[in-house]
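Keeping their order, the protein sequence lines are chains A and B. 1 is the number of the first residue of the first sequence in the numbering used here; add one for each residue after it. 229 is the number of the first residue of the second sequence in the numbering used here; add one for each residue after it. See below for the structure under consideration.
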Amino acid sequence: MIEMQEVWKTYSDGTPVLQNINVRIEKNEFVYIVGPSGAGKSTFMKLMYREERPTKGQIFVNNFNIGKLKQRKIPILRRNIGVIFQDYRLLSKLTVQENVAFAMEVIEASQRSIKKRVPEVLELVGLRDKINSFPSQLSGGEQQRVAIARAIVNNPSVIIADEPTGNLDPETSWEIMKILDEIHDRGATIIMATHNREIVNTLRKRVIAIENGRIVRDTHRGEYGYED
Amino acid sequence: MKIRTLGRHFRTGGQNVIRNGWMTFASTSAIAISLFVLGVFLLLAMNVDHLAKQIERQVEILVYLDLNIPSYERVQVQEAINKMSGVKKVTYISKDEGLEILSQKFGEDGDKLLESFKGENNPLNESLTVEVKDPTTVGKIATKIEKLNEGRTVPPIFKVNYGQGTVEKLFQVTKLMRNIGFVIAVGLLIAGFFLIANTIKITILARRKEIEIMKLVGATNGFIRWPFFVEGLILGLVGSFIPSLLLLIGYNQLLKNSSEEISLLIGRLLPINPYLFQIIGILMMIGVFVGIWGSTISIRKHLRV
């Protein structure tokens, strides 16, 4: 469960990015965050995994009170959230397998459970045969699948995806969406910021539109609603 | 932290050293080169200091006694000097011994040249050689010895000689050399420190993105820091091992090849044990410290993501 109450975010130079955001996302929801570039979507996402701090208001993610979260508790919060980015953000010096295993090493999982679990998730994202490749040897879509595998390997209840298909061609984008939908079916809450009209309008889910730092629309099974 | 996590950190640290091949090369060579220069200089400085000490130790006071001194009076003077503080040893040199020393100084022809002065014809004074504990006090003690003549109608001492003037200059030079050596050593240390720290900083700067990613996945600062610590340790060990080995081989060769020629000129070079081992110990300590310090300090600011 994610909840924001009267959340404001102003950057140090005084520019308001988010203004009076009130939103509640239930467990196992799938939500698209849409809106023009610079509207505040990314900041909205960053607040949830505490890369940004709200200037005012309260945010709850899985019982964590984000505004009051102590610096050293941030890693604990992030272990309960899987984050996926447009630019994949894989560790370039590690192989596919090691990148996914890293997330499990962080929570001090045993070698045995790592050896068992990592091939499982790589199977799920369809990368079983590339476990020993380095990110630079993979296509964009493959890299994103590794990132997804890493995000879900610890079974987090929330997945935050910031334009996960932004760098991918339509066909690959759909492969990624299939995986995310599958993860959703298995019980995860998914919040995904996107510019992809076709996806939003085809795979219908709840749509929250942000413009000029405010939520201007929040509809279940909504439409993308912008011309590209 | 669980034991298996500690094991993981050491594995990852070692893996980083190998996979960051180029960066590893850059930082280890920075460490190795700085420490090599420092090591060579320390070796040089220690040998110069050793040489200076040898020269200083040769400083002694020659007390020429009166030509007609009776032997009981000679013994009195000898005992009086022996009692003075700072005096290590007093050696009596008879007329014959004096001639012997002189003839040795002339070399092979000495015996022939001085033959006519042997026995009754010996014109030399009896003398006392005074060795002192601290070479720098030689002037003061010489003055004290001269004062033994005071109040005596027939002064027992003819002349006191310790190389007045020259000895003072020698001490000035050795003192200056030591000071300059110290300043250069400190300068090299600081320069090396900055070179190494900077190189390591750059290598870690390049990994700033990686650190950010690790934090996003939920890694704690400690978890991120450990492998860097291990990596710094390895870089420091390798970086100080290389110059140590080079110094050991090089100095050993130097000792072997030049022992005869050089030792005659300037005295013996210091042996490898313990002196070079001390230097190697210092280099290892600096290397490891700088390696760890460089890598852990440099990531600190990146950890506040």
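All C-beta atoms in this analysis are idealised placements derived from N, C-alpha and C, irrespective of residue type, glycine included.
Rounded C-alpha distance that separates A/SER133 from B/LEU417
Straight through space, the alpha carbons of B/LEU417 and A/SER133 are spaced by roughly 43 Å.
So which residues of chain B does A/LEU91 contact, with C-beta pairs closer than 8 Å?
Chain-order list of chain B residues neighbouring A/LEU91: GLU438, ILE441, MET442, by C-beta distance under 8 Å.
Per DSSP, the bridge partner or partners of A/TRP8:
Listed as beta-bridge partners of A/TRP8 by DSSP are A/LYS56.
C-beta neighbour in chain B for A/PRO75, strict 7 Å
At least one chain B Cβ lies under 7 Å of A/PRO75.
If you draw a straight line from the C-alpha of A/LYS46 to the C-alpha of A/PHE85, how long is it?
The alpha-carbon separation between A/LYS46 and A/PHE85 amounts to approximately 11 Å.
Confirm, please, whether the CB-CB distance from B/SER255 to B/LEU463 is below 7 Å.
Yes, these two residues count as a Cβ contact at 7 Å.
Do A/MET104 and A/VAL153 count as a contact pair if the criterion is CB distance below 7 Å?
The answer is yes: Cβ separation under 7 Å.
Closer than 6 Å by C-beta to B/HIS278: which residues in its own chain qualify, once you throw out the five before and the five after it? Chain order, please.
In the same chain as B/HIS278, and ignoring 5 residues on each side of it, the C-beta atoms closer than 6 Å to its own belong to LEU498, in chain order.
DSSP three-state label for A/LEU79, please.
Correcting the residue type first, residue 79 of chain A is Arg in the shown sequence and not Leu. Looking at A/ARG79 - three-state DSSP - the assignment turns out to be helix.
Could you name the residues of the stretch 446 to 465 of chain B whose beta carbon sits closer than 9 Å to any beta carbon of chain A, in the order they occur along the chain?
Within the stretch 446 to 465 of chain B, the qualifying residues are GLY446, ALA447, THR448, ASN449, PHE451.
Could you tell me how far apart the beta carbons of B/ILE385 and B/VAL287 are, in whole angstroms, since I believe they sit closer than 8 Å?
Your pair B/ILE385 and B/VAL287 does not check out as a contact, with CB atoms roughly 19 Å apart and the cut at 8 Å.
When you check each C-beta in the stretch 102 to 126 of chain A against every C-beta of chain B, which residues fall closer than 8 Å?
Listed by position along the chain: PHE102, ALA103, GLU105, VAL106, ILE107, GLU108, SER110, GLN111.
Between the C-alpha atoms of B/GLU354 and B/MET274, what's the straight-line distance to the nearest angstrom?
Whole-angstrom Cα-Cα distance: 39 Å.
What does the alpha-carbon distance come out to for the pair B/PHE253 and B/GLN481?
Approximately 28 Å between the Cα atoms of the pair.
Euclidean distance between Cα positions of B/ILE289 and B/LEU404
In a straight line, the C-alpha of B/ILE289 is about 24 Å away from that of B/LEU404.
Between B/THR233, B/ALA260, B/ILE321, which has its C-alpha nearest B/SER472's C-alpha?
Closest option to B/SER472, Cα to Cα, is B/ALA260.
Give the interface partners of A/ARG78 over in chain B, defined as CB-CB distance under 8 Å, in chain order.
Within chain B, the residues near A/ARG78 are LYS443, LEU444, VAL445, GLY446.
Output yes if chain A places a C-beta closer than 7 Å to the C-beta of B/LYS529; else output no.
Not flagged as an interface residue toward chain A: B/LYS529, since no C-beta distance is shorter than 7 Å.
Whole-angstrom distance between B/ILE432 and B/ARG453, CA atom to CA atom:
Distance between the alpha carbons of B/ARG453 and B/ILE432: 11 Å.
Which word fits B/HIS237, buried or exposed, when buried means at least 16 other C-beta atoms lie within 10 angstroms of its C-beta?
Under a 10 Å Cβ-count criterion, B/HIS237 is classified as buried, with 16 or more other Cβ atoms of the shown protein chains found around its own Cβ.
For A/VAL100, tell me which candidate among A/ILE148, A/ILE76, A/SER136, A/ILE210 has the shortest Cα-Cα distance.
Out of A/ILE148, A/ILE76, A/SER136, A/ILE210, A/ILE148 has the C-alpha closest to the C-alpha of A/VAL100.
Less than 7 Å separating the beta-carbons of A/MET1 and A/ILE59?
Going by C-beta atoms, A/MET1 is not nearer than 7 Å to A/ILE59.
Between the Cα of B/THR365 and those of B/GLU378, B/GLY415, B/GLU284, B/ASP294, spot the shortest distance and give me the residue it belongs to.
For B/THR365, the closest C-alpha among the options B/GLU378, B/GLY415, B/GLU284, B/ASP294 is that of B/GLU284.
Can A/ILE66 and A/ARG50 be called in contact, C-beta distance under 7 Å?
Inclusion of A/ILE66 and A/ARG50 in the CB contact set at 7 Å is warranted, their separation being smaller than that value.
Using a Cβ-Cβ cutoff of less than 8 Å, which residues in the same chain neighbour A/THR55 once the five nearest sequence positions on both sides are dropped?
For A/THR55, the CB contacts under 8 Å within the same chain, skipping 5 residues up- and downstream, are TRP8, LYS9, THR10 in chain order.
Within 7 Å (strictly less), CB to CB, does B/THR233 reach chain A?
By this cut-off, B/THR233 is an interface position.
Beta-carbon of A/VAL83 versus every beta-carbon of chain B: anything under 7 Å?
Yes - at least one Cβ of chain B is within 7 Å of the one on A/VAL83.
Which listed residue (A/GLY213, A/ILE74, A/GLN97, A/ILE191) has its alpha carbon closest to that of A/LEU138:
Answer by Cα proximity: A/GLN97.
Can you find a CB in chain A that lies within less than 7 Å of the CB of B/ARG236?
With a threshold of 7 Å between beta carbons, B/ARG236 makes contact with chain A.
Closest Cα partner of A/PRO164 within the set A/PRO156, A/ILE179, A/ASN155:
Looking at A/PRO156, A/ILE179, A/ASN155, the one whose alpha-carbon comes closest to that of A/PRO164 is A/ILE179.
Against chain A, does B/ARG247 count as a neighbour if the rule is that its beta carbon must be under 7 Å from one of theirs?
Contacts with chain A at 7 Å (Cβ-Cβ) include B/ARG247.
Of the residues A/VAL216, A/VAL207, A/TYR226, the one placed nearest A/PHE30, counting alpha carbons only:
It is A/VAL207.
Going straight from the alpha carbon of B/ILE514 to that of A/ALA151, what length do you get?
When rounded, the distance between both Cα atoms is 42 Å.
Alpha carbon to alpha carbon, how far is A/SER92 from B/ILE439? Give it in angstroms, no decimals.
Their backbone Cα atoms lie some 12 Å apart in a straight line.
Could you give the first and the last residue of the continuous beta strand (DSSP E) run that contains B/TYR300?
For B/TYR300, no beta strand (DSSP E) run applies; the uninterrupted alpha helix (DSSP H) run containing it begins and ends at 299 to 311, by DSSP.
Smallest Cα separation from A/ASP87: which of B/PHE345, B/GLY460, B/ILE441, B/VAL458?
When B/PHE345, B/GLY460, B/ILE441, B/VAL458 are compared, the shortest CA-CA separation from A/ASP87 is found for B/ILE441.
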